[in-house]
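Take a look at the structure set out below.
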Amino acid sequence: MKKLKKLIYGTLTTIIFIALPFIVFTLITSKTDAILGIKSFVVLSGSMQPTIPQGSIVFTQKSPYYGKEEIIAFQQGDVAVTHRIIDIVSKDNAQSYITKGDANNSADTNLVQKEKVLGTYLISIPYVGRFVLFLKTFPGFIAFVIFPALVFIGFEFWNIKKEIEKSAERKLMERMQIT
């Protein structure tokens with residue numbers, strides 16, 4: 269029983285102190301690019317497979333220039349799309365990009381204006397995006413943030429209780445030795 273408690277405690281400590289900062293960083297960068305200009309997105313489709321699997325989390329960073337064959341994320345309506353630039357179009361001193369998903373047979377129908385580009389692809393972590401999407405739901409928040417925190421707090425209260433009991437036992441033993 270004691271080994272099981274140590275295992276659970278160790279696992280929760282690892283989750284809270286190692287995984288949680290990464291999760292918080294990812295959640296923050298999915299809403300803002302305040303941290304070193306890095307922004308994260310969850311890849312919702314398989315259009316960039318096998319390069320970027322569906323459900324991956326992609327990290328991007330703004331750049332002054334985007335070139336051919338570069339993978340970029342851009343705003344399309346309410347969704348961030350991650351595709352590869354296959355050609356650059358210059359018209360009236362403005363740049364636009366023709367993009368295409370690696371798994372798609374043809375280029376995207378709409379040109380991507382430079383202002384719509386959210387950033388250039390830095391790195392992706394396969395399938396972690398599914399977990400991040402789940403964390404953004406109420407059940408995910410409860411399961412992976414609130415519940416582990418409550419268990420951790422419970423273990424700490426348990427340790428405090430044990431220390432109080434040990435202290436009371438020591439005081440009782442001291443009294444018994446005095447009399």
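With the sequence shown counted from 1, adding 268 to any position gets you the numbering used here.
Built from N, CA and C at the ideal position, the CB exists for glycine as well.
Owing to the predicted nature of the structure, the values given are computational and were not obtained by experimental measurement.
By the beta-carbon neighbour count (other beta carbons within 10 angstroms, threshold 16), Gly369 is buried. Taking every protein chain shown into account, the CB of Lys307 has 16 or more other CB atoms within 10 angstroms, so this residue is buried. Excluding residues up to 5 positions away in sequence, Leu280 lie with their Cβ nearer than 6 Å to the Cβ of Val419 in the same chain. Residue Lys382 holds the alpha-carbon nearest to the alpha-carbon of Gln363 among Pro416, Lys382, Asn427. Put simply, the backbone Cα of Glu442 is about 16 Å away from that of Glu431. Here Phe309 has Val326, Ala341, Ala348 as same chain residues with Cβ atoms under 6 Å from its own Cβ, once five neighbours each way along the sequence are excluded. The stretch 332–339 makes no contact with the stretch 398–406: fewer than 3 CB pairs, one atom from each, lie closer than 8 Å. In this structure, Ile353 places its C-beta atom within 7 Å of the C-beta atom of Thr367. Going by C-alpha positions, Tyr277 is about 10 Å away from Lys270. If you compare the alpha carbons of Pro289, His351, Ala436, Asp346 with that of Leu390, the shortest gap goes to His351.
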